[in-house]
Amino acid sequence: MAVLVGKRAPSFKATAVIDGEFEEDFSLDRYLGKKHVIFYFYPADFTFVCPTEIIAFEDRLAEFEAKGVAVVGCSTDSHFSHFAWLSTPRDKGGIEGVTYPLVADATKTIAANYDVLGGHYDYNEAGEMTFVGSPVAYRGLFLIDKDGIVRHQLVNDGPLGRSIDEAMRLVDALQYFEKNGEVCPANWEEGKEAMSATREGVASYLAKHA
133 MAVLVGKRAP
143 SFKATAVIDG
153 EFEEDFSLDR
163 YLGKKHVIFY
173 FYPADFTFVC
183 PTEIIAFEDR
193 LAEFEAKGVA
203 VVGCSTDSHF
213 SHFAWLSTPR
223 DKGGIEGVTY
233 PLVADATKTI
243 AANYDVLGGH
253 YDYNEAGEMT
263 FVGSPVAYRG
273 LFLIDKDGIV
283 RHQLVNDGPL
293 GRSIDEAMRL
303 VDALQYFEKN
313 GEVCPANWEE
323 GKEAMSATRE
333 GVASYLAKHA
């Protein structure tokens with residue numbers, strides 16, 4: 133699996149559903165120079181772990197937006213599937229009320245470019261192009277800075293839901309570093325001490341916290 137940290141996030145244009153409306157040619161480029169982005173993949177609509185994550189991000193959306201962070205989800209379903217799921221009440225397994233963009237990667241090219249696709253295209257013995265493996269995305273999450281550079285990535289297998297608290301913590305850590313130039317040690321949280329990236333800095337920190 134490719135490591136995208138430190139590299140420019142792969143660009144794309146695709147249809148997204150945003151607050152119940154279709155938007156063609158949606159791109160993360162709209163956030164360049166303006167916002168940090170949490171761009172995450174989930175395996176499929178109308179499934180099990182996925183709605184808990186999607187709704188959990190919606191529940192914290194105001195907090196992310198207050199920090200200047202856009203949240204964008206993506207799966208290999210069509211935009212029609214997204215719309216149907218968004219129109220389904222939560223007590224029926226739906227995600228009604230989710231307002232942030234859900235990107236439709238029906239061609240699987242976005243998931244492939246972010247290297248989170250569960251399978252790949254190959255030729256069979258007859259020379260025909262076929263898909264080998266699972267045609268859905270793993271639970272990938274990418275924290276992208278305002279310059280479009282990936283600063284953090286996480287990939288979980290299907291059964292393992294992600295922590296929105298941890299996503300928020302990493303946003304705080306990145307923004308703290310960008311503002312103050314200090315690095316954030318293990319288990320750092322907003323309001324806690326960071327340190328300078330020097331021998332003296334780490335020695336001072338460890339003397340206090342070892």
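Taking the working numbering, the leading residue of the sequence shown gets 133, the next gets one more, and so forth. Just so it is clear, CB atoms sit at the ideal spot from N, CA and C, and this is done for glycine as well.
Residue environment, residue 214, which counts as buried when at least 16 other CB atoms sit within 10 Å = Per the 10 Å Cβ criterion, buried.
query = Roughly how many whole angstroms lie between the Cα atoms of residue 242 and residue 264?
reply = Taking the CA atoms as reference points, residue 242 sits about 17 angstroms from residue 264.
inquiry  = On the CB-based measure, 16 or more other CB atoms within 10 Å of its CB, does residue 148 come out buried or exposed?
reply    = Classification of residue 148: buried, given that the 10 Å Cβ count is 16 or more.
ask   = Hey, quick one: how far does the beta strand (DSSP E) through residue 337 stretch, first residue to last?
value = Looking at the DSSP string, residue 337 is not in any beta strand (DSSP E); the run it does join, the alpha helix (DSSP H), is 331–341.
query = For residue 137, which option in 254, 255, 274 and 290 has the closest C-alpha, if you only look at C-alpha atoms?
reply = Checked all of 254, 255, 274 and 290; the closest Cα to residue 137 is 274.
request  = Put residue 192 into one of helix, strand or coil per three-state DSSP.
outcome  = In this structure, residue 192 counts as coil in the three-state DSSP scheme.
request  = Output the residue ranges of the alpha helix (DSSP H) runs that lie fully inside the region 164–247 and measure 4 residues or longer, sorted by chain position.
outcome  = Counting only runs of 4 or more, we get 181–191, 193–198, 211–218 and 241–245.
request  = Write down the C-beta distance between residue 208 and residue 142 rounded to the nearest angstrom, noting that I regard them as a contact closer than 8 angstroms.
outcome  = Not a contact, Cβ separation roughly 15 angstroms.
message = For the pair the region 323–332 and the region 306–315, tell me if three or more CB-CB distances fall below 8 angstroms.
response = With the cut-off at 8 angstroms, the region 323–332 and the region 306–315 touch.
request  = Determine the burial state of residue 146: buried for a count of at least 16 other Cβ atoms within 10 Å of its Cβ, exposed for fewer.
outcome  = Residue 146 comes out buried.
query = Leaving out the 5 sequence neighbours to the left and right, which residues in its chain are closer than 7 angstroms to residue 217 when beta-carbon positions are compared?
reply = Contacts found: 177, 178, 226 and 227.
task = Please state if the CB of residue 281 and the CB of residue 140 are separated by a distance shorter than 7 angstroms.
result = For residue 140 and residue 281, yes; Cβs fall inside 7 angstroms.
ask   = What residues are listed by DSSP as bridge partners for residue 307?
value = Residue pairing by DSSP places residue 307 in no beta bridge whatsoever.
query = For residue 312, which of helix, strand or coil comes out of DSSP?
reply = In this structure, residue 312 counts as helix in the three-state DSSP scheme.
request  = Could you tell me how far apart the beta carbons of residue 204 and residue 175 are, in whole angstroms, since I believe they sit closer than 8 angstroms?
outcome  = Not really, about 16 angstroms apart at Cβ, beyond 8 angstroms.
query = Just checking, does the region 152–160 make contact with the region 247–262 on the three C-beta pairs under 8 angstroms criterion?
reply = The region 152–160 is not in contact with the region 247–262.
task = Please confirm whether residue 188 and residue 296 have their CB atoms less than 7 angstroms apart.
result = In this structure, residue 296 lies closer than 7 angstroms to residue 188 by Cβ.
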